[in-house]
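Student: The sequence shown begins at 11 in our numbering and counts up one residue at a time. Have a look at the structure that comes next, please.
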Amino acid sequence: MREIRIVKPEISNFELVKGEKAWEEVVYSARMSGVPQGIPAEEVFKMIVRNDYGSALEHIILKFDVKMTKGNAPELLEHRIASHSGYSTRYVRVYEGVDREEQVYEIILPQHLNGESRDRFLTAVSNCLQLYEELLASGLPKESARYVLPFCLAVGIYHYTINLRSLLNLLGLRLCVRASPEFRCLASQLYFNLIKSLPLLHGLVGCRGFMRGACPESDVTGVRVGKQHPFYPPCPFKNRDTDIFIPTVKELRDGVKLSCFNTEKAVEVQEKLFRQWAAWH
11 MREIRIVKPE ISNFELVKGE KAWEEVVYSA RMSGVPQGIP AEEVFKMIVR NDYGSALEHI
71 ILKFDVKMTK GNAPELLEHR IASHSGYSTR YVRVYEGVDR EEQVYEIILP QHLNGESRDR
131 FLTAVSNCLQ LYEELLASGL PKESARYVLP FCLAVGIYHY TINLRSLLNL LGLRLCVRAS
191 PEFRCLASQL YFNLIKSLPL LHGLVGCRGF MRGACPESDV TGVRVGKQHP FYPPCPFKNR
251 DTDIFIPTVK ELRDGVKLSC FNTEKAVEVQ EKLFRQWAAW H
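This is the structure:
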């Protein structure tokens with residue numbers, strides 16, 4: 011059987027269409043809607059993002075390639091305001107592909123595996139892939155043999171085109187501690203690519219709570235209240251005694267007392283998390 015190679019979820023070939031000046035089209039569209047000329051262009055852009063005037067952000071287009079597990083790929087496609095072209099397991103043997111110089115199986119190991127569970131997992135994957143090869147050798151069509159493929163196979167490969175409004179929605183959801191580890195890894199890579207391409211967004215992008223000033227995850231046990239969930243990272247914004255506390259919507263309605271929010275510190279804290287998630291350790 012061919013080699014099984016362990017890889018990480020990956021974003022590659024990130025492109026901001028129209029380059030570093032792409033944000034100026036957002037300002038142009040905002041002025042057409044009535045934003046006064048006297049407001050500096052950069053402030054207009056930041057206002058649009060902060061206030062979630064999303065239709066103007068749809069003028070910014072981004073493109074990138076994604077590599078992720080076969081099993082989690084449908085979640086990516088839930089972000090529907092986007093265009094994608096994908097790797098076909100119906101027509102291509104899964105050890106082949108446009109980005110493969112060798113004929114190997116690429117898999118993404120889930121987090122939380124250790125010792126015996128990791129060994130048993132890899133044995134099960136190997137057995138599935140061995141059967142896949144045997145089915146192909148017996149003459150079964152690729153589109154039928156693929157039904158035996160494991161969830162972890164890294165054939166969720168897409169060329170993706172998305173506007174900034176939709177990308178910020180994706181990031182707000184997937185940069186949350188409750189998102190799956192694989193999506194946090196991909197979203198963190200997207201975050202760093204985005205702020206490198208559009209530096210004006212630095213300090214404006216993060217989880218939904220960070221971007222909107224209130225977390226919608228009210229009463230979520232293991233994340234915002236109650237005992238910490240063993241498989242979720244701690245939310246860095248839930249402690250009321252810090253200067254980066256972000257209340258839930260319910261806490262706001264209940265009249266929680268707020269102090270001055272330290273945005274610079276919050277950005278530093280969340281980027282530390284994002285670097286860890288992007289590394290896929």
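All C-beta atoms in this analysis are idealised placements derived from N, C-alpha and C, irrespective of residue type, glycine included.
Run through DSSP, which three-state label would Tyr-115 get?
Tutor: Here residue 115 refers to the residue found at position 105 of the sequence shown. Looking at Tyr-115 - three-state DSSP - the assignment turns out to be strand.
Student: Counting only runs that start and end within the segment 60 to 107, where is the alpha helix (DSSP H) found for 4 or more residues in a row?
Tutor: The qualifying runs are 64 to 67, 83 to 86.
Student: Give the secondary structure of Gly-166 by DSSP, where H, G and I count as helix, E and B as strand, and everything else as coil.
Tutor: Within the sequence shown, numbered from 1, the residue matching residue 166 stands at position 156. Gly-166: strand per DSSP, three-state reduction.
Student: Given a cut-off of 7 Å on the beta-carbon distance, is the pair Lys-233 and Arg-188 in contact?
Tutor: The count along the sequence shown starts at 1 and reaches residue 233 at position 223. The count along the sequence shown starts at 1 and reaches residue 188 at position 178. Residue 233 is actually Val in this sequence, not Lys. The answer is yes: Cβ separation under 7 Å.
Student: With Tyr-168 and Leu-181 assumed to form a contact (beta carbons below 8 Å), what rounded beta-carbon distance in angstroms separates them?
Tutor: Along the sequence shown, one-based indexing puts residue 168 at 158. Along the sequence shown, one-based indexing puts residue 181 at 171. In fact, because the Cβ distance is near 17 Å, the residues do not count as touching under 8 Å.
Student: Excluding the five sequence neighbours on either side, which residues of its own chain have a C-beta within less than 7 Å of the C-beta of Phe-161, listed in chain order?
Tutor: Position 151 of the sequence shown, counted from the start, is the residue given in the question as residue 161. Result list for Phe-161: Thr-79, Lys-80, Gly-81, in chain order.
Student: Quick one: what's Val-235 bridged to in DSSP?
Tutor: In the sequence shown, the residue the question calls residue 235 occupies position 225. Its beta-bridge partners are Thr-231.
Student: From which residue to which residue does the beta strand (DSSP E) around Trp-205 run?
Tutor: Against the sequence shown, residue 205 aligns to sequence position 195. In the sequence under discussion, the amino acid at residue 205 is Ile, which differs from the Trp named in the question. Where Ile-205 is concerned, there is no enclosing beta strand (DSSP E), although the alpha helix (DSSP H) it sits in stretches over 191 to 207.
Student: May I ask which residues mark the beginning and end of the beta strand (DSSP E) holding Leu-26?
Tutor: Residue mapping note: residue 26 aligns to position 16 of the sequence shown, counting from 1. Segment 20 to 26, the beta strand (DSSP E) holding Leu-26.
Student: Using the Cβ count rule (16 or more neighbours within 10 Å means buried), how would you classify Lys-267?
Tutor: Working through the sequence shown from its first residue, we reach residue 267 at position 257. Looking at its Cβ environment, which holds fewer than 16 other Cβ atoms inside 10 Å, Lys-267 is exposed.
Student: If you reduce the DSSP assignment to three classes, tell me which class Cys-270 lands in.
Tutor: Here residue 270 is taken as the residue at index 260 of the sequence shown, counted from 1. Here Cys-270 sits in coil by DSSP.
Student: For Cys-217, does the three-state DSSP call read helix, strand or coil?
Tutor: Taking the sequence shown and counting its residues from 1, the one referred to as residue 217 is at position 207. Three-state DSSP puts Cys-217 in coil, outside helix and strand.
Student: Looking at the secondary structure, which residues open and close the beta strand (DSSP E) in which Arg-15 lies?
Tutor: Here the question's residue 15 lines up with position 5 in the sequence shown. Note, Arg-15: beta strand (DSSP E), 14 to 16.
Student: First and last residue of the alpha helix (DSSP H) that includes Gly-125?
Tutor: Counted from its first residue, the sequence shown places residue 125 at position 115. That run of the alpha helix (DSSP H) goes 125 to 147.
Student: DSSP three-state call for Ile-58: helix, strand or coil?
Tutor: Walking along the sequence shown from the start, residue 58 turns up at place 48. Helix, per DSSP.
Student: I'd like the span of the alpha helix (DSSP H) that includes Leu-178, first residue to last.
Tutor: Taking the first residue of the sequence shown as position 1, residue 178 is located at position 168. It spans 174 to 184 - the alpha helix (DSSP H) in which Leu-178 sits, taken as one unbroken run.
Student: Between Asn-61 and Leu-163, what straight-line distance do the alpha-carbon atoms span, to the nearest angstrom?
Tutor: Residue mapping note: residue 61 aligns to position 51 of the sequence shown, counting from 1. Residue mapping note: residue 163 aligns to position 153 of the sequence shown, counting from 1. Going from the Cα of Asn-61 to the Cα of Leu-163 covers about 40 Å.
Student: Going by DSSP, what residues sit across from Thr-252 in a beta bridge?
Tutor: To locate residue 252, count along the sequence shown from 1; it is residue 242. In DSSP, Thr-252 forms no bridge with anything.
Student: Roughly how many whole angstroms lie between the Cα atoms of Trp-33 and Ser-136?
Tutor: The sequence position of residue 33 within the sequence shown is 23, counting from 1. The sequence position of residue 136 within the sequence shown is 126, counting from 1. So the two alpha carbons sit approximately 48 Å from each other.
Student: Just mark Leu-204 as buried or exposed, buried being the case when its beta carbon has 16 or more other beta carbons within 10 Å.
Tutor: Locating residue 204 in the sequence shown gives position 194, where the first residue counts as 1. The residue is buried, with at least 16 neighbouring Cβ atoms inside 10 Å.
Student: Between Asn-173 and Ile-71, which are expected to be in contact by the criterion C-beta below 8 Å, what is the C-beta distance as a whole number of angstroms?
Tutor: For this step, residue 173 is matched to residue 163 along the sequence shown. For this step, residue 71 is matched to residue 61 along the sequence shown. Contact holds; Cβ gap of about 6 Å.
Student: Taking the straight line between their C-alpha atoms, what separation do you get for Val-102 and Lys-152?
Tutor: Position 92 of the sequence shown, counting from 1, holds the residue named residue 102. Position 142 of the sequence shown, counting from 1, holds the residue named residue 152. Those two C-alpha atoms are separated by around 7 Å.
Student: Any contact between the segment 204 to 213 and the segment 235 to 252? By contact I mean 3 or more CB pairs, one from each, below 8 Å.
Tutor: With a cut-off of 8 Å, the segment 235 to 252 and the segment 204 to 213 do not count as touching, because too few Cβ pairs lie within range.
Student: To the nearest angstrom, how far is it from the Cα of Asp-129 to the Cα of Leu-141?
Tutor: Against the sequence shown, residue 129 aligns to sequence position 119. Against the sequence shown, residue 141 aligns to sequence position 131. Roughly 19 Å separates the two Cα atoms.
Student: I want to know whether the segment 23 to 32 touches the segment 87 to 98 - three or more CB-CB distances under 8 Å.
Tutor: The segment 23 to 32, when compared against the segment 87 to 98, does not touch it at the 8 Å Cβ threshold.
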